[in-house]
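If you read the protein sequences in the order shown, they are chains B and Z.
Each residue of the first sequence is one higher than the one before, starting from 3 at the first, in this note's numbering.
Each residue of the second sequence is one higher than the one before, starting from 126 at the first, in this note's numbering.
In this text, a Cβ means the ideal position worked out from N, Cα and C, and glycines have one as well.
Quick notes on the structure that follows.
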Amino acid sequence: MRKIFKSPTGIIGVILLTIVLFATVFGPWIAPYDPQAFDARARLQGPSMAHWLGTDQYGRDLLSRILSGAPSTVAFGLGATVLGVGVGSVIGVIAGVAGGRTDSIIMRILDGMLAMPELLFTLLIVTFLGGGTTQAMLAVAVTFTPGMARIARSAVLSVRTREYVLAAQARGESRAWIVGREVLPNALGPIIVEATIRVSFAIMIGATLGFLGLGAQPPSTEWGLMVAEARQFMFRNPWCVAVPGLAIAITALGFNLFGDALRDAFDPKRGH
Amino acid sequence: MSLAYFLRRLGAVLAVLCIVSVAVFAITTILPGNAALMILGENASAENLAAMERQLGLDQPVLVQYLHWVGGVLHGDFGTSLRLQLPVAEVVGEAFWNSMALAAIALVAVTVIAIPLGTLAALKRGTGWDLGIGLISYVGTALPEFVTATLLLVFFADPVRQLLPAGGFVSPAEDFGGFIEHAILPSATLGLILMAHISRQVRSELSEVLTSDYVRAARLKGVPEGRVIRRHALPNSLAPAVAVISLDIGYLLGGIIVVEEIFAWPGLGRLLIYALQNRDLPVIQAVTLLLAVVYAISNLIADLIIAKLDPRVRYA
Chain B
3 MRKIFKSPTG IIGVILLTIV LFATVFGPWI APYDPQAFDA RARLQGPSMA
53 HWLGTDQYGR DLLSRILSGA PSTVAFGLGA TVLGVGVGSV IGVIAGVAGG
103 RTDSIIMRIL DGMLAMPELL FTLLIVTFLG GGTTQAMLAV AVTFTPGMAR
153 IARSAVLSVR TREYVLAAQA RGESRAWIVG REVLPNALGP IIVEATIRVS
203 FAIMIGATLG FLGLGAQPPS TEWGLMVAEA RQFMFRNPWC VAVPGLAIAI
253 TALGFNLFGD ALRDAFDPKR GH
Chain Z
126 MSLAYFLRRL GAVLAVLCIV SVAVFAITTI LPGNAALMIL GENASAENLA
176 AMERQLGLDQ PVLVQYLHWV GGVLHGDFGT SLRLQLPVAE VVGEAFWNSM
226 ALAAIALVAV TVIAIPLGTL AALKRGTGWD LGIGLISYVG TALPEFVTAT
276 LLLVFFADPV RQLLPAGGFV SPAEDFGGFI EHAILPSATL GLILMAHISR
326 QVRSELSEVL TSDYVRAARL KGVPEGRVIR RHALPNSLAP AVAVISLDIG
376 YLLGGIIVVE EIFAWPGLGR LLIYALQNRD LPVIQAVTLL LAVVYAISNL
426 IADLIIAKLD PRVRYA
């Protein structure tokens with residue numbers, strides 16, 4: 003953990019993540035205004051003392067909307083990643099441990115799924131499931147599954163032939179014990195690192211789906227949807243697209259930098 | 126390049142495409158909203174629906190439907206668009222070239238800018254240059270396409286200054302200057318993310334290679350520094366960059382969907398969103414399959430380039 007604070011990118015990542023998580027947990031309570039309250043006299047304003055980040059086309063306070071949208075945006079990213087990483091890891095570990103024909107059949111199917119660009123795959127699934135936050139989250143999770151399975155499998159394979167696993171086999175330990183106590187804990191590192199970085203992708207894809215009208219629906223304060231709704235007015239008040247856009251970027255950047263720092267901490271060889 | 130390596134890779138690509146075709150067909154066939162209902166509208170009678178289903182072959186077993194579809198695709202027949210009432214091949218063909226033009230501009234611009242940037246960052250490691258380039262590339266990876274696109278529009282396409290068009294398309298055959306003008310913002314949007322990945326990759330590989338024994342040997346031999354970098358260090362650090370570019374084609378093809386929608390660029394992405402909104406199954410199938418084919422072929426080309434740059438790969 004201490005190693006993360008050695009690199010400047012790691013420190014920035016931790017700071018950004020702290021801000022984002024603070025907003026996620028306390029955001030709805032510290033919001034100065036009701037995020038849905040219209041104010042016809044204060045439409046499309048720039049930042050001021052009354053409205054720190056300005057107002058949108060209905061005079062709603064942008065800071066309050068960003069804060070109230072933080073929990074759903076972050077929860078979307080975490081939820082989709084946990085689901086995708088969980089299912090993907092189970093598949094990958096099964097393939098890696100089983101080997102042989104099971105392994106090659108699973109891998110060929112995954113190759114086919116990976117042969118479609120990620121966003122395209124997500125779009126197809128969302129259309130099939132119908133728009134909405136839960137559907138979008140499931141779609142992102144399904145999209146993440148094949149990639150995560152590959153990473154989990156290669157992590158298992160790299161551990162499987164280590165001396166301590168061979169030693170456990172020689173001791174006559176059961177297969178389940180070896181997988182659970184020797185292989186999994188040592189294969190967990192790469193999976194956690196990849197998962198952290200994927201949270202940022204999940205948040206970006208979720209926002210993109212919201213933007214395209216396939217994710218969160220109005221009057222939600224999901225950040226991608228906020229950009230989409232304010233687009234018509236962006237030349238009159240750039241703040242109403244810039245604020246949610248930058249909020250997405252800060253959150254994604256936080257998870258990304260933190261993930262990179264984690265990777266360097268786990269594997270010193272990759273640090274430069 | 127051995128022929129065996131090429132054939133093996135080609136075989137893998139074909140196998141993957143078979144799986145993709147099944148997946149595309151499966152996803153689109155289980156989509157709610159029957160094609161016959163789409164054509165005839167909500168108020169169609171049951172008899173008319175049944176007749177239309179027979180005409181479209183929807184009453185056949187799924188396997189027959191799939192084989193019929195694949196057979197058509199192999200003959201260049203993608204069916205008829207349900208909404209546009211035009212042959213899908215015609216609609217998709219034009220959109221395909223528009224998309225490829227956009228992707229190619231983005232890719233070329235990115236490669237030309239990103240490799241020197243990554244080299245600069247590696248050579249000036251730890252300086253302000255390095256930090257600045259690193260920062261830009263981190264921000265680039267954290268901005269989804271629709272945010273970048275919207276911000277670029279705010280800065281460059283506001284109705285007062287009108288530096289660049291806010292969207293639309295001009296055929297390059299009619300007005301090449303106008304075509305480029307309309308392509309600048311969409312390709313810049315696509316390019317930002319790619320530039321981030323590629324310059325980061327080149328930087329990390331090159332800085333590793335620069336500390337290697339053969340680079341030190343070349344320096345000790347008295348080879349001029351410029352030649353050391355151009356002849357010894359850079360070629361050896363490009364193979365991973367090419368690998369990243371090939372992975373990035375996936376992002377590029379995904380990004381194109383969003384970017385074309387925002388900038389009203391009449392390509393595959395915009396067509397796909399239109400087809401998804403209208404449940405135009407034949408168009409959805411054709412576009413998806415086409416994008417997967419492009420992705421698979423670009424991965425194949427990247428593998429071949431990597432094998433060319435790094436002979437060790439061929440025997441792996």
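Inset, instruction - Report all residues from its chain with a CB closer than 6 Å to the CB of methionine 236 of chain B; omit the five preceding and five following residues, and keep chain order. - result: Val243
Legend entry - Proximal residues to proline 391 of chain Z (C-beta, below 8 Å), its chain only, five neighbours per side dropped: Glu219, Ala220, Asn223, Phe294 and Glu385
Legend entry - Local Cβ density within 10 Å of arginine 152 of chain B, reported as buried at 16 or more and exposed below that: buried
Legend entry - Beta-carbon neighbours of glutamine 421 of chain Z, restricted to chain B and to distances below 8 Å: Residue identity differs from the one stated: residue 421 of chain Z is alanine in this sequence, not glutamine. Correct list: Ala117.
Inset, instruction - Mark alanine 204 of chain B as exposed unless 16 or more other C-beta atoms lie within 10 angstroms of its C-beta, in which case mark it buried. - result: Buried is the call here.
Legend entry - Beta-carbon contacts of histidine 274 of chain B that lie in its chain and below 6 Å, excluding the five residues immediately before and after: For histidine 274 of chain B, the pLDDT reaches just 42, beneath the cut-off of 50, and the residue's location in the model is therefore unreliable, leaving the point undetermined.
Legend entry - Own chain residues within Cβ distance below 6 Å of glutamate 330 of chain Z, not counting five before or after: Ser362 and Pro365
Inset, instruction - Under 6 Å Cβ to Cβ from alanine 178 of chain B, same chain only, skipping five residues before and after it: list those, please. - result: none
Legend entry - Spatially closest choice to isoleucine 21 of chain B from B:Leu69, B:Met139, B:Met118 and B:Ile127, by CA coordinates: Among B:Leu69, B:Met139, B:Met118 and B:Ile127, the Cα nearest to that of isoleucine 21 of chain B belongs to B:Leu69.
Inset, instruction - Excluding the 5 residues preceding and the 5 following glutamate 270 of chain Z in the sequence, name in chain order all residues of the same chain whose CB lies nearer than 6 Å to its CB. - result: Within its own chain, the residues whose Cβ lies closer than 6 Å to the Cβ of glutamate 270 of chain Z, once the five positions on either side in sequence are excluded, are Thr314, Gly380, Val383 and Val384, listed in chain order.
Legend entry - Test item: CB-CB of glycine 292 of chain Z and phenylalanine 388 of chain Z under 8 Å: yes
Inset, instruction - Below 9 Å between beta carbons is the criterion; list the residues of the segment 263 to 276 of chain Z that meet it against any residue of chain B, in chain order. - result: Tyr263, Val264, Thr266, Ala267, Leu268, Pro269, Glu270, Phe271, Val272, Thr273, Thr275 and Leu276
Inset, instruction - Would you check if the distance between the CB atom of alanine 154 of chain B and the CB atom of glycine 94 of chain B is smaller than 8 Å? - result: yes
Inset, instruction - Answer yes or no: do phenylalanine 213 of chain B and valine 229 of chain B have a C-beta to C-beta separation smaller than 8 Å? - result: yes
Legend entry - Contact list for alanine 148 of chain Z against chain B, beta-carbon separation under 8 Å: Gly114, Met115 and Met118
Legend entry - Cut-off 7 Å between Cβ atoms - residues of its own chain near isoleucine 398 of chain Z, not counting five sequence neighbours on either side: Cβ neighbours of isoleucine 398 of chain Z beyond the five flanking positions: Ile382 and Glu386.
Inset, instruction - Examine chain Z for any beta-carbon lying closer than 8 Å to the beta-carbon of leucine 125 of chain B, and answer yes or no. - result: yes
Inset, instruction - Kindly indicate if chain B contains any beta-carbon less than 8 Å away from that of glycine 136 of chain Z. - result: no
Legend entry - Proximal chain B residues relative to aspartate 283 of chain Z, where beta-carbon distance stays under 9 Å: Met236, Phe237 and Pro240
Legend entry - Inter-residue spacing [alpha-carbon to alpha-carbon] between valine 181 of chain B and isoleucine 14 of chain B: 36 Å
Legend entry - Buried/exposed call for threonine 104 of chain B, threshold 16 Cβ in 10 Å: Exposed is the call here.
Inset, instruction - List in chain order: all unbroken alpha helix (DSSP H) runs of 4+ residues lying wholly within the segment 250 to 302 of chain Z. - result: Entirely contained in the segment 250 to 302 of chain Z, the alpha helix (DSSP H) runs reaching 4 residues are, in chain order, 253 to 267 and 270 to 281.
Legend entry - Same chain only: Cβ atoms within 7 Å of tryptophan 241 of chain B, ignoring 5 sequence neighbours per side: Gly48, Pro49, Leu55, Gly56 and Leu64
Legend entry - chain B within 8 Å of leucine 310 of chain Z, Cβ atoms only: no
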